[in-house]
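S.K.: Taking the working numbering, the leading residue of the sequence shown gets 22, the next gets one more, and so forth. Cβ atoms here follow ideal geometry from the backbone N, Cα and C, with glycine treated the same way. Predicted, not measured: the structure shown is a model, and the values here were computed from it.
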Amino acid sequence: MVEDDDLTPNLVSKPMSSNGEFVPPDGLCWVSILSCLLLACSYVGSLYVWRSDLPRDHPAVIKRRFTSVLIVSALSPVFVWAWKEYTGISPAPSLLALMGVRFEGLLPAIVLPLLLTMVLFLGPLIQLVMDCPWGFMDGIRVVLDPCFWALCLSDMRWLRNQVVAPLTEELVFRACMLPMLVPCAGPSTAIFTCPLFFGVAHFHHVIELLRFRQGTVSGIFLSAAFQFSYTAVFGAYTAFIFIRTGHLVGPVLCHSFCNYMGFPALGTALEHQHRLTVLSCYVLGVLFFLLLLFPMTDPLFYGLPTPVCTLSASSGSPCS
Numbered sequence: 022m023v024e025d026d027d028l029t030p031n032l033v034s035k036p037m038s039s040n041g042e043f044v045p046p047d048g049l050c051w052v053s054i055l056s057c058l059l060l061a062c063s064y065v066g067s068l069y070v071w072r073s074d075l076p077r078d079h080p081a082v083i084k085r086r087f088t089s090v091l092i093v094s095a096l097s098p099v100f101v102w103a104w105k106e107y108t109g110i111s112p113a114p115s116l117l118a119l120m121g122v123r124f125e126g127l128l129p130a131i132v133l134p135l136l137l138t139m140v141l142f143l144g145p146l147i148q149l150v151m152d153c154p155w156g157f158m159d160g161i162r163v164v165l166d167p168c169f170w171a172l173c174l175s176d177m178r179w180l181r182n183q184v185v186a187p188l189t190e191e192l193v194f195r196a197c198m199l200p201m202l203v204p205c206a207g208p209s210t211a212i213f214t215c216p217l218f219f220g221v222a223h224f225h226h227v228i229e230l231l232r233f234r235q236g237t238v239s240g241i242f243l244s245a246a247f248q249f250s251y252t253a254v255f256g257a258y259t260a261f262i263f264i265r266t267g268h269l270v271g272p273v274l275c276h277s278f279c280n281y282m283g284f285p286a287l288g289t290a291l292e293h294q295h296r297l298t299v300l301s302c303y304v305l306g307v308l309f310f311l312l313l314l315f316p317m318t319d320p321l322f323y324g325l326p327t328p329v330c331t332l333s334a335s336s337g338s339p340c341s
């Protein structure tokens with residue numbers, strides 16, 4: 022006869038309490054935080070292994086940094102594997118599944134988070150359409166033109182902002198860090214803890230701004246504080262998407278889209294000739310985003326429970 026405890030899903034094979042619930046091993050939080058810190062330092066440090074007097078947007082600098090961040094990103098799963106081995110946590114999902122690389126629920130993971138993010142940017146998108154000199158069909162023709170994409174792929178800044186940065190940053194700061202933080206802090210706390218590493222990692226821009234004297238010292242640090250704030254908020258959003266969907270592709274596409282859109286130009290919206298329409302779309306976008314946030318990221322679309330949620334002792338929101 023099978024005992025009740027044997028019916029408990031084998032989400033984490035060890036360590037377990039007598040009633041089958043996950044019990045974090047001693048010192049797990051310290052190991053997880055130090056592992057994430059080491060991973061963040063490795064990513065940022067890789068940007069500075071090349072000695073150069075050129076600014077960060079120079080193609081030669083971008084190409085060198087592509088090499089270093091791609092190497093660190095390729096090695097980042099080793100950090101998660103080493104963390105697993107050291108802590109003794111043995112999750113049922115594979116390492117790749119924990120990091121959001123899986124086929125179950127892939128199509129919804131590609132479409133729904135990106136649509137949700139576009140809803141949030143309804144105001145800026147409407148503003149962009151109003152100010153764009155092209156017609157709708159002109160835009161379609163440009164998007165379908167191979168020469169347009171060839172030009173984009175030859176632009177180092179475009180590749181960095183739309184491809185390499187979203188892919189490597191989401192892999193390192195979400196796909197690798199969240200599986201290490203969720204068993205320690207739980208899904209909800211991990212969503213707000215993980216972005217701190219992401220936000221602090223962007224402080225390295227201060228070094229370059231000071232080095233090339235691109236503004237006053239106070240202005241540079243004020244800009245860095247603002248950048249930390251919005252990157253932390255954005256990091257919490259993509260961490261939420263990662264945990265809810267269990268996929269890496271959604272955060273990567275949302276990251277790329279947000280890099281393209283940039284921070285909403287509220288000042289320009291206030292001075293727009295169709296200000297009432299544009300501002301109404303800003304408000305509607307935020308309202309619809311809040312209404313759709315949980316329905317469009319429902320784990321039922323992506324396979325319940327999502328792999329990273331199997332590392333948590335609690336099965337409540339945002340895992341359900």
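#1: Out of Ser89, Ala253 and Ser111, state which residue places its alpha-carbon closest to the alpha-carbon of Phe218.
#2: Roughly how many angstroms lie between the CA atoms of Ala290 and Arg296, to the nearest whole one?
#3: Apart from the five residues just before and just after Val82, which ones in its own chain have a Cβ nearer than 8 angstroms to its Cβ?
#4: Drop a sphere of 10 angstroms on the beta-carbon of Trp155, count the other beta-carbons inside from all chains shown, and report buried for 16 or more, exposed for fewer.
#5: Going by the CB atoms, is the gap between Pro216 and Val273 shorter than 8 angstroms?
#6: Identify whether Asp159 lies in helix, strand or coil by the three-state DSSP scheme.
#7: Given this structure, state the Cα-to-Cα distance separating Cys205 from Arg162, to the nearest angstrom.
#8: Going by the CB atoms, is the gap between Leu137 and Leu314 shorter than 8 angstroms?
#9: Considering Asp152, what are the terminal residues of the alpha helix (DSSP H) in which it resides?
#10: Could you tell me how far apart the beta carbons of Leu11 and His268 are, in whole angstroms, since I believe they sit closer than 8 angstroms?
#11: May I ask you to report which of helix, strand or coil DSSP gives Met120?
#12: Use the C-beta contact count for Met158: other C-beta atoms within 10 angstroms, 16 or more gives buried, fewer gives exposed.
#13: Quick check on the DSSP output: the alpha helix (DSSP H) that includes Phe169 runs from which residue to which?
#14: Take Ser39 and list the residues in its own chain whose beta-carbon comes closer than 7 angstroms to its own, dropping the five residues that flank it on each side.
#15: Alpha carbon to alpha carbon, how far is Tyr323 from Pro134?
#16: Consult DSSP for Phe71 and reduce its assignment to one of helix, strand or coil.
#17: Measuring only the C-alpha atoms, how far is Leu117 from Arg123?
#18: Along the alpha helix (DSSP H) that carries Ser301, what are the first and last residues, could you check?
#19: Restricting to Cα atoms, I'd like to know which of Tyr69, Cys302, Cys330 and Pro114 is closest to Val203.
#20: Identify, in the order they occur along the chain, each residue of the same chain with its Cβ nearer than 8 angstroms to the Cβ of Ser175, setting aside the five sequence neighbours on each side.
#21: Would you mind stating whether Gly121 and Ala196 have Cβ atoms separated by less than 8 angstroms?
#22: Given this structure, state the Cα-to-Cα distance separating Leu49 from Val193, to the nearest angstrom.
#23: Using a Cβ-Cβ cutoff of less than 8 angstroms, which residues in the same chain neighbour Ile147 once the five nearest sequence positions on both sides are dropped?
#24: Buried or exposed: Phe249, going by 16 or more other Cβ atoms within 10 Å of its Cβ?
#25: Tell me the DSSP secondary structure of Gly271 in three-state form.
#26: Could you please give the first and the last residue of the uninterrupted alpha helix (DSSP H) stretch that includes Glu190?
#27: CB Leu119 to CB Val307, shorter than 8 angstroms?
#28: Secondary structure at Glu42, three-state DSSP: helix, strand or coil?
M.R.: In this structure, then:
#1: Position 197 of the sequence shown holds residue 218. Closest by alpha carbon: Ala253.
#2: Within the sequence shown, numbered from 1, the residue matching residue 290 stands at position 269. Within the sequence shown, numbered from 1, the residue matching residue 296 stands at position 275. Their backbone Cα atoms lie some 6 angstroms apart in a straight line.
#3: Taking the first residue of the sequence shown as 1, we reach residue 82 at position 61. Trp71, Ser73, Leu75 and Pro76, listed in sequence order.
#4: Residue mapping note: residue 155 aligns to position 134 of the sequence shown, counting from 1. With fewer than 16 other beta carbons inside 10 angstroms of its own, Trp155 counts as exposed.
#5: For the purposes of this step, residue 273 is taken as the residue at position 252 of the sequence shown. For the purposes of this step, residue 216 is taken as the residue at position 195 of the sequence shown. Contact: no.
#6: Residue numbering aside, residue 159 sits at position 138 when the sequence shown is read from its first letter. Residue state, collapsed to three classes: helix.
#7: Residue numbering aside, residue 205 sits at position 184 when the sequence shown is read from its first letter. Residue numbering aside, residue 162 sits at position 141 when the sequence shown is read from its first letter. Between the C-alpha atoms of Cys205 and Arg162 there is a straight-line separation of about 50 angstroms.
#8: Residue numbering aside, residue 314 sits at position 293 when the sequence shown is read from its first letter. Residue numbering aside, residue 137 sits at position 116 when the sequence shown is read from its first letter. Taking 8 angstroms as the Cβ cut-off, Leu314 and Leu137 qualify as a contacting pair.
#9: What you label residue 152 is simply residue 131 of the sequence shown in a count that begins at 1. Segment Leu143 to Asp152, the alpha helix (DSSP H) holding Asp152.
#10: Since the displayed the chain opens at 22 and closes at 341, residue 11 lies outside it and no answer follows.
#11: Position 99 of the sequence shown, counting from 1, holds the residue named residue 120. The answer is coil: DSSP assigns Met120 none of H, G, I, E or B.
#12: Working through the sequence shown from its first residue, we reach residue 158 at position 137. Classification of Met158: exposed, given that the 10 Å Cβ count is below 16.
#13: The residue you call residue 169 lines up with position 148 of the sequence shown. Phe169 -> alpha helix (DSSP H) spans Pro167 to Leu174.
#14: The sequence position of residue 39 within the sequence shown is 18, counting from 1. At Ser39 the pLDDT is 44, less than 50, meaning the model places this residue with poor confidence and gives no usable figure here.
#15: For the purposes of this step, residue 323 is taken as the residue at position 302 of the sequence shown. For the purposes of this step, residue 134 is taken as the residue at position 113 of the sequence shown. Looking at the two C-alpha atoms, the distance is approximately 11 angstroms.
#16: Residue 71 sits at position 50 when you count from the first residue of the sequence shown. Residue 71 is actually Trp in this sequence, not Phe. Trp71: coil per DSSP, three-state reduction.
#17: Position 96 of the sequence shown holds residue 117. Position 102 of the sequence shown holds residue 123. A direct Cα-Cα distance of roughly 7 angstroms separates Leu117 from Arg123.
#18: Indexing the sequence shown from 1 puts residue 301 at position 280. Start and end: Arg296 to Leu313.
#19: To locate residue 203, count along the sequence shown from 1; it is residue 182. Selected option, being the one with the closest Cα: Cys330.
#20: Here residue 175 is taken as the residue at index 154 of the sequence shown, counted from 1. Excluding residues within five positions, none has a Cβ falling inside 8 angstroms.
#21: For the purposes of this step, residue 121 is identified with residue 100 of the sequence shown, where counting begins at 1. For the purposes of this step, residue 196 is identified with residue 175 of the sequence shown, where counting begins at 1. Yes.
#22: Here residue 49 is taken as the residue at index 28 of the sequence shown, counted from 1. Here residue 193 is taken as the residue at index 172 of the sequence shown, counted from 1. For Leu49 and Val193, the distance between alpha carbons rounds to 20 angstroms.
#23: On the sequence shown, residue 147 is found 126 positions in, with the first residue counted as 1. Within the same chain, Ile147 has close Cβ partners Thr298, Val299 and Cys302.
#24: Taking the sequence shown and counting its residues from 1, the one referred to as residue 249 is at position 228. Classification for Phe249: buried.
#25: As a working note, residue 271 is residue 250 in the sequence shown. Correct three-state label for Gly271: helix.
#26: Walking along the sequence shown from the start, residue 190 turns up at place 169. Secondary structure note for Glu190: its alpha helix (DSSP H) is the uninterrupted segment Ala186 to Glu191.
#27: In the sequence shown, counting from the first residue as 1, residue 119 sits at position 98. In the sequence shown, counting from the first residue as 1, residue 307 sits at position 286. Against a cut-off of 8 angstroms, the Cβ pair of Val307 and Leu119 comes out as no contact.
#28: By one-based count along the sequence shown, residue 42 stands at place 21. With a pLDDT of only 48 at Glu42, under 50, the local geometry of the prediction cannot be trusted, and the value read off the model is given with reservation. The three-state secondary structure of Glu42, taken from DSSP, is coil.
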